[in-house]
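> Residue numbers (my numbering): 1 to 494. C-beta atoms are modelled at their ideal positions from N, C-alpha and C, and glycine is treated no differently.
1. List the residues that DSSP assigns as beta-bridge partners of residue 257.
2. Rounded to whole angstroms, what's the CA-CA distance from residue 295 to residue 198? Just pull it up for me.
3. Restricting to Cα atoms, I'd like to know which of 412, 204, 260, 376 is closest to residue 251.
4. So does the region 342-360 actually touch the region 409-421, counting three or more Cβ pairs closer than 8 Å?
5. Taking all protein chains shown into account, do 16 or more other C-beta atoms lie within 10 angstroms of the C-beta of residue 180, making it buried, or fewer, making it exposed?
6. Tell me the start and end of each unbroken beta strand (DSSP E) in the region 118-200 that is at least 3 residues and wholly inside, in chain order.
7. What's the call for residue 83, buried or exposed, on a 16-neighbour Cβ count within 10 Å?
8. Under DSSP, the alpha helix (DSSP H) around residue 347 begins and ends at which residues?
9. What's the call for residue 177, buried or exposed, on a 16-neighbour Cβ count within 10 Å?
10. Three or more beta-carbon pairs under 8 Å between the region 134-141 and the region 111-122, yes or no?
11. Sorted by chain position, which residues of the same chain lie with C-beta nearer than 6 Å to residue 55's C-beta, five sequence neighbours on each side aside?
12. Take the Cβ of residue 405 as the centre, count every other Cβ of all protein chains shown within 10 Å, and call the residue buried at 16 or more, exposed below.
13. Run through DSSP, which three-state label would residue 386 get?
14. On the DSSP bridge assignment, give the partners of residue 251 in chain order.
15. Under the DSSP definition of a beta bridge, which residues are partnered with residue 405?
16. If residue 316 sits next to residue 191, beta carbons under 8 Å apart, how far is it from one beta carbon to the other, in whole angstroms?
17. Using the DSSP secondary-structure output, state which residues sit across from residue 415 in a beta bridge.
18. Could you please give me the residues that DSSP links to residue 392 through a beta bridge?
19. Could you work out which residue in 241, 327, 407 is closest to residue 310 when comparing CA atoms only?
20. Counting beta carbon pairs with one atom in the region 382-395 and one in the region 359-373, are three or more of them shorter than 8 Å?
21. For residue 495, which of 373, 321, 150, 219 has the nearest alpha-carbon?
22. According to DSSP, simplified to helix, strand and coil, what is residue 457?
23. Have a look at 129, 183, 225, 171 and flag the residue whose alpha-carbon is nearest the alpha-carbon of residue 155.
24. Given that a residue counts as buried once 16 or more other Cβ atoms are within 10 Å of its Cβ, and exposed if not, what is residue 45?
25. Thinking C-alpha only, which one of 323, 345, 329 is nearest residue 335?
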């Protein structure tokens with residue numbers, strides 16, 4: 001089924017234009033010997049594998065050469081190509097001055113000598129030490145998004161005040177009403193039923209038979225443990241849970257799923273996959289690693305596999321909302337909420353052919369918390385997968401409410417979580433940084449809070465729809481006034 005070669009491997013380089021240089025994340029190999037399998041000769045071939053980019057030695061830049069020059073001189077050097085505009089922070093050793101000069105470059109490129117286009121974009125009074133080289137490039141400033149709080153939210157016996165960053169009026173007020181409904185009814189319970197970020201490399205073989213042989217080999221427990229040992233060796237926290245394989249023609253897609261501590265984990269799992277692929281190549285030297293991601297992961301795109309198999313944290317939250325709270329706080333009835341949820345969130349979403357969209361507006365809450373807490377906002381796509389269920393209970397007197405969210409992708413370290421504002425929001429929830437009790441506990445708690453806040457948002461919006469109050473609330477909370485008169489903001493997701 002497989003062979004372990006003793007072939008001499010000669011590292012090649014990939015040609016880019018007129019230059020030949022090593023490329024980050026790739027190695028190209030040429031196998032010179034003939035490999036036999038079951039008596040058959042396999043001809044020599046070329047293939048690629050994953051590899052980390054070679055570390056470049058920092059030659060260092062004498063910032064004194066540039067810092068002593070005037071702004072006009074630096075701008076002239078940028079124009080002549082002596083200084084790269086994207087490298088100003090490193091060249092000048094002064095992030096704030098670098099950003100100010102870059103704004104002038106942008107203004108000149110846009111024929112805007114008075115900086116009218118960038119004057120309303122602030123850039124001062126921010127610490128860029130954690131931004132440059134970590135969160136953004138070619139920085140010219142920052143945007144201001146209001147942060148409000150929803151709550152109190154009683155979850156698993158503890159109250160939380162949830163930070164939300166949004167420009168949509170009425171969203172936080174509505175979510176707060178849902179939080180009050182949960183808290184006054186005794187709180188919500190949550191459970192993480194699955195935990196593991198995924199990465200799925202695309203491996204191409206000479207033919208479908210070889211792809212199938214590799215699939216069969218990987219699925220044997222003794223071979224999986226060998227791959228897992230290589231994967232786990234790359235990190236103190238990364239632990240491979242499983243590998244799901246599928247074939248399309250001669251392509252093999254391998255969906256690695258791993259726990260990554262309190263990090264969201266994309267960098268960690270990518271590093272582990274690279275090492276695992278090197279081990280797999282020992283047994284399948286004719287494999288051609290086309291891409292570290294073959295879109296079978298699936299990251300930042302709608303997909304059925306995230307909905308059915310989960311990605312990140314799979315969380316279920318439920319609560320019993322008392323009939324008294326439903327009528328007095330939510331201003332509707334148990335039966336009306338049940339009827340609306342079935343016909344809107346379940347049947348309506350099915351008619352739309354939705355994948356993971358069996359809810360009223362989960363993405364509203366997910367995105368607002370992600371922005372406040374330094375998460376990757378693009379992962380709102382899969383993190384908002386949610387099915388909301390509202391059912392009469394206790395003889396129809398009360399309401400059993402739940403959300404099931406199979407792919408919440410969050411972390412409390414890495415990414416934008418270290419930035420001061422985002423770090424403060426994580427601290428507000430008690431999940432800042434790594435857990436001191438159990439690796440991954442903070443990230444799991446953040447996912448629970450996200451899901452429970454989604455439940456609060458669902459309860460409030462559906463109640464507003466059932467009672468016919470949605471438009472009225474938005475006209476109250478979601479309008480601004482300027483010298484042009486009243487200008488209405490668009491309504492929330494219905």
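This is what the structure gives:
1. Counted from its first residue, the chain shown places residue 257 at position 257. Looking at the DSSP assignment, residue 257 forms a beta bridge with 198, 242.
2. Within the chain shown, numbered from 1, the residue matching residue 295 stands at position 295. Within the chain shown, numbered from 1, the residue matching residue 198 stands at position 198. Rounded to the nearest angstrom, the two C-alpha atoms are 11 Å apart.
3. For the purposes of this step, residue 251 is taken as residue 251 along the chain shown, with counting starting at 1. Ranking the options by Cα distance to residue 251, first place goes to 204.
4. no
5. Position 180 of the chain shown holds residue 180. The residue in question, residue 180, is buried, as its Cβ has 16 or more Cβ neighbours within 10 Å.
6. 147-155, 158-165, 189-199
7. Position 83 of the chain shown, counted from the start, is the residue given in the question as residue 83. Under this definition residue 83 is a buried residue.
8. Taking the chain shown and counting its residues from 1, the one referred to as residue 347 is at position 347. Neither: residue 347 is in no alpha helix (DSSP H) and is coded neither H nor E.
9. Taking the chain shown and counting its residues from 1, one reaches residue 177 at position 177. Residue burial annotation: residue 177 is buried, with at least 16 other C-beta atoms found within 10 angstroms of its C-beta.
10. yes
11. Position 55 of the chain shown, counted from the first residue, corresponds to residue 55. Annotation note: pLDDT 46 at residue 55 (below 50); position unreliable, no value reported.
12. Position 405 of the chain shown holds residue 405. Classification of residue 405: buried, given that the 10 Å Cβ count is 16 or more.
13. Numbered from 1 along the chain shown, position 386 holds the residue referred to as residue 386. Strand.
14. Locating residue 251 in the chain shown gives position 251, counting from the first residue. Per DSSP, the beta bridge partners of residue 251 are 204, 248.
15. Mapped onto the chain shown, residue 405 falls at position 405. Partner(s): 315.
16. Looking up residue 316 in the chain shown gives position 316. Looking up residue 191 in the chain shown gives position 191. Between residue 191 and residue 316 the Cβ distance is about 5 Å, and since that is below 8 Å, they are a contact.
17. For the purposes of this step, residue 415 is taken as the residue at position 415 of the chain shown. None, per the DSSP bridge assignment.
18. Residue 392 sits at position 392 when you count from the first residue of the chain shown. Residue 392 is bridged to 399.
19. The residue you call residue 310 lines up with position 310 of the chain shown. Of 241, 327, 407, the residue nearest in Cα terms is 407.
20. yes
21. Here the chain has residues from 1 to 494 only, and residue 495 is not among them.
22. As a first step, residue 457 must be located in the chain shown, where it is residue number 457. Residue state, collapsed to three classes: helix.
23. Against the chain shown, residue 155 aligns to sequence position 155. By alpha-carbon distance to residue 155, the top candidate from 129, 183, 225, 171 is 183.
24. Indexing the chain shown from 1 puts residue 45 at position 45. With a pLDDT of only 40 at residue 45, under the threshold of 50, the placement of this residue in the model should not be trusted; the figure read from the coordinates follows. The residue in question, residue 45, is exposed, as its Cβ has fewer than 16 Cβ neighbours within 10 Å.
25. Position 335 of the chain shown holds residue 335. Comparing alpha carbon positions, the residue from 323, 345, 329 closest to residue 335 is 323.
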